[in-house]
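Chemist: Every letter in the sequence shown is one number past the one before it in the numbering used here, and letter 344, counting from 1, is 343.
Backbone N, C-alpha and C fix where the C-beta goes; we use that ideal spot for every residue, glycine too.
Computed from a predicted structure; not experimentally measured.
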Amino acid sequence: MTSYNKNSIQKDRPYLSSACKVIYLKSVFFLAFLLVFVLTAYGVSSAGVGDLFDSEAPVEVTGDNVTYDNKKETYHAIGSVVVVQSGTTLMTDELFMNMKDGTARAIGNVFVTDAMGNTVEGEELTVNINKDTAVIIKGKLYFEEGTVSVYGSRLEKTGKLHYKGKDIKFTTCKCDKDETPAWHFASSSAKMKTDGYILAWNAYLKVKGRSILYTPILVAPISGGRKTGFLMPGLGASRKQGKIFDNTFFWAISDSSDASFFLDYKSQRGFGKGLEYRYYRTAESYGELYLYHFKEDDLGRLREFRVDANNLDRPLSANDNRWQMKFKHTENFANGFKLKVDINAVSDDEYFIDFSKVSKEKSLESLESTISLTKNWDKYSLTVRTRLYDNLLIEDDDPVLQKIPEIIFKGSSQRILDSKFFFAFSSTFVNYERNDGEEGQRLDVRPRISLPLNPGGWFELTPSVGPRMTVYKVESDTSEGSYRGRGIYDITTDLTTTFGKNYRPQLQGLKVLRHTIRPKITHTYIPDYKQSRLPSYDSIDRVEPANTVRYSLNSILTGKFNDGVKHEYLYMDIGQTYDIREDNGKSKRVAGDERPFSDIGGELILRPTKGMKISGKGVYDPYEKWFESSDAEFSVYNKRNDSFSLAYRQIRGSTRYIEASAHLNLTAATYLRYYDRYNFYEGDVLERAITYGYLQQCWGVELAWKKGIEETVFLLTFTMKGLGEVFTSQTTVGRAGGS
């Protein structure tokens, strides 16, 4: 049995000498932003730690020698003592318990655990159940979810969920007894609430016992749920941006809403500030709002970094005030009505080049904003929406057509009375508006009557006819409005069938292989109709005459295993169109240069195993004997999450690049990642990155080298479990005149 020596309790003393404090004062400003307000949005659950014991529940006490005084209602147990109550278990060397006063004292090798796996350890534990207080000598509190451990020479439980103590250490590293954690915070004293935060004074960040950084005050989460506070700031530097400090404050407004406030500083550019607000009014009503504004100090200098980056395909429409706004909302009303709002706006056509971190955004040609109201029935659907466009390739959007509003009413195929005929329709009404150019309204109605047949039970034959009526009201600066119209039709016949066969290979676990082949032939006839008098808003306004036959072939091979799991080994689809009009010399091509056969389009996907995929699709010109476009990709991965992929993309005359990525787990704790995207036409790297990472149970470090169009960046990132990224170092090497 471990004896208790009250003289072993350390007296209150200054935690640091004056000399030591002077050494660390230089790091105070840095940590004031980096660690003082480290209030992450997610923490760990601490339910069960607040109540060590229940004054009402029965108690079971066992040990080598247990004595109970019935008159005093006291227990005294010695040797391998175990106390069990309502899912909580206490083990110790010696126990004194007074049931009348609600007090208990455990001495030697104290260990308490609850049903959730949270634990209390120490050399001595004194508990007052009635007052909900306790004192733990040389103790440790451990919260299972999130693996947060709090150590102290003296930990006092001052309330249901409240603790305080001297010489406090805390970490998210799991350690054996007497083992030094990979990292921890050490403080002279601290207060904590087990469903909230720990507030520590004179705190040091220590790595393997060595002091790295100091802050006079530190706040960190030890609880579950979202919490209000500052998120981990982003730090960095580059020749393009200068010194970078990105700071975010998170506000947990309620269980159904929160907000983030941004304050960013780039020493070579200026200040940015923003807001992101998210809400769930009900399960059927939710949305988010994003606002950001950045004040440029020197826009001319910023544009210089794009000169050699082949990135000047945007009008120079920006001024010093740059901003972005996004708003999304979904509202489901009664009776099946649904409202969706998706608003996107930026201050200038150059915005995404200078601010976006996503390659696809940098190459956006336009932004679209929509507000739509929809209603669906069993056979019908109605959509009313407004669509606004911002063309990022032209500075003046006055000629851009806006749809204010667009109404779409559709009916799915349904039988006409008791006949064999089916009827479907699609109709749209659009009001086109713009500040410069012809505008007006268009009504387009397309009913279709079809007759599904099954001759001999071998084929599916479906002839259909689709009359089409389009009416325009055209307005311009010189006329109040004129009506124009078009009446046209198409006759379409589909002929298809399905062949299928089951195979039962002698392969372990594979029950059956199912192979299906579905050929299809479609004939389409559209008469010639002069449409030069009609306005040209979009593709609907010009319907080309047609007399075509299109063939397609679809093939699928699927396996079904004994456990019911299905695996698609092969998918193939190929198709081509033959133009009868062009073969008869009724095309716009020069005589003798007719090309009645269209390009051949095809797609192939192979999955030989669950961890391998080979895919390709392309459009082949049979006359030039060349692919107009092609995509090919090979990817493979294994059970330990190693992966490799290689992709090739080509559009004749404009795009040709290769993309490769790999992830290799070198050991259980280390990994290597590689990414490369190379443009053959420009003979340059679009993006290349090599990343080495090392992960431990409670911390990690990642070193990355990244080369982009405008800059090359070296990035060093440290992570601490429960606190996220705590330090990021960036060094940027640019081109001539670059970043």
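1) Name the residue from Asn-453, Ile-167, Ala-545 whose alpha carbon lies nearest to the alpha carbon of Lys-587.
2) Quick one: is Val-564 buried, meaning 16 or more other Cβ sit within 10 Å of its Cβ, or exposed?
3) How long is the line joining the alpha carbons of Val-399 and Thr-369, rounded to whole angstroms?
4) Could you tell me which of Glu-627, Phe-95, Lys-99, Tyr-693 sits nearest to Gly-107, measuring between CA atoms?
5) When you compare the CB positions of Val-109 and Glu-123, do they come within less than 8 Å of one another, or not?
6) CA-CA distance, Pro-595 and Asp-493?
7) Rounded to whole angstroms, what's the CA-CA distance from Thr-521 to Phe-633? Just pull it up for me.
8) Based on DSSP bridge pairs, tell me the residues matched to Phe-184.
9) Look at the alpha carbon of Lys-378 and the alpha carbon of Phe-560, and state the distance between them as a whole number of angstroms.
10) When we look at the beta-carbon of Gly-781 and count the other beta-carbons within 10 Å, is it buried (16 or more) or exposed?
11) Check Gly-158 in the structure and name its three-state DSSP category.
12) How do the segment 429-447 and the segment 397-416 stand: do at least 3 beta-carbon pairs fall below 8 Å, yes or no?
13) Once DSSP output is grouped into helix, strand and coil, what is the label at Asn-334?
14) My output table needs one value for Gly-101: the three-state DSSP class, helix, strand or coil.
15) For Lys-265, count neighbouring Cβ atoms within 10 angstroms of its own Cβ and tell me buried if that reaches 16, exposed if not.
16) Using the rule of at least 16 other Cβ atoms within 10 Å of the residue's Cβ for burial, across every protein chain shown, is Asp-166 buried or exposed?
17) Excluding the 5 residues flanking Arg-447 on each side, which residues of the same chain have their C-beta closer than 6 Å to its C-beta?
18) Can you find at least 3 beta carbon pairs, one from the segment 374-389 and one from the segment 402-416, that sit closer than 8 Å?
19) Quickly, what does DSSP pair Met-115 with across the bridge? List them, please.
20) My understanding is that Asp-63 touches Ser-79, with C-beta atoms under 8 Å, so please give their C-beta distance in whole angstroms.
21) Assuming Leu-301 contacts Arg-268 (C-beta within less than 8 Å), just tell me the rounded distance between them.
22) What are the boundary residues of the alpha helix (DSSP H) that Leu-363 is part of?
23) Can you list, in chain order, the residues of its chain with a C-beta nearer than 8 Å to that of Gly-499? Leave out the 5 residues immediately preceding and following it.
24) Return yes when the Cβ of Tyr-619 is within less than 8 Å of the Cβ of Ala-631, no when it is not.
25) Looking at the unbroken alpha helix (DSSP H) that takes in Tyr-350, where does it start and where does it end?
26) How would you call Val-48, buried or exposed, if buried means at least 16 neighbouring beta carbons within 10 angstroms?
27) So, for Asn-390: in the same chain, excluding its five sequence neighbours on each side, which residues have a beta-carbon less than 6 Å away from its beta-carbon?
28) Do Glu-681 and the ligand MG come close, with the Cβ less than 7 Å from some heavy atom?
29) According to DSSP, what are the bridge partners of Ile-342?
30) Quick check on this structure: which residue in Val-83, Ile-487, Lys-472 has the alpha carbon closest to the alpha carbon of Leu-480?
31) Among Met-90, Leu-605, Thr-427, whose alpha-carbon lies nearest the alpha-carbon of Glu-59?
32) With respect to the beta strand (DSSP E) encompassing Gly-271, which residues constitute its N-terminal and C-terminal limits?
33) So, helix, strand or coil for Ile-573, using DSSP?
34) Within the same chain, show all residues whose beta-carbon is closer than 6 Å to that of Thr-576, passing over the 5 residues directly before and after it, in chain order.
35) How would you call Thr-477, buried or exposed, if buried means at least 16 neighbouring beta carbons within 10 angstroms?
36) When we look at the beta-carbon of Pro-57 and count the other beta-carbons within 10 Å, is it buried (16 or more) or exposed?
Modeler: Working from what's here:
1) Ala-545
2) exposed
3) 15 Å
4) Phe-95
5) yes
6) 20 Å
7) 33 Å
8) Phe-169, Leu-204
9) 38 Å
10) In the structure as shown, the chain starts at 0 and stops at 738, and residue 781 therefore has no counterpart that could be examined.
11) coil
12) yes
13) helix
14) coil
15) buried
16) buried
17) Ala-423, Ser-463, Gly-465
18) yes
19) None, per the DSSP bridge assignment.
20) 5 Å
21) 7 Å
22) Note, Leu-363: premise wrong, no alpha helix (DSSP H); not H, not E.
23) Arg-513, His-514, Thr-515, Ile-516
24) no
25) 350-354
26) Only weak support exists for where Val-48 lies, its pLDDT of 46 falling under 50; the coordinates are left without a value.
27) Ser-365, Asp-396, Val-399
28) Among the components of this structure there are no ligands whatsoever, and the ligand MG is therefore not found.
29) Phe-326
30) What sits at residue 480 in the sequence shown is Gly, not Leu. Considering only alpha carbons, the answer is Lys-472.
31) Met-90
32) 269-281
33) strand
34) Thr-547, Arg-549, Ser-597
35) exposed
36) exposed
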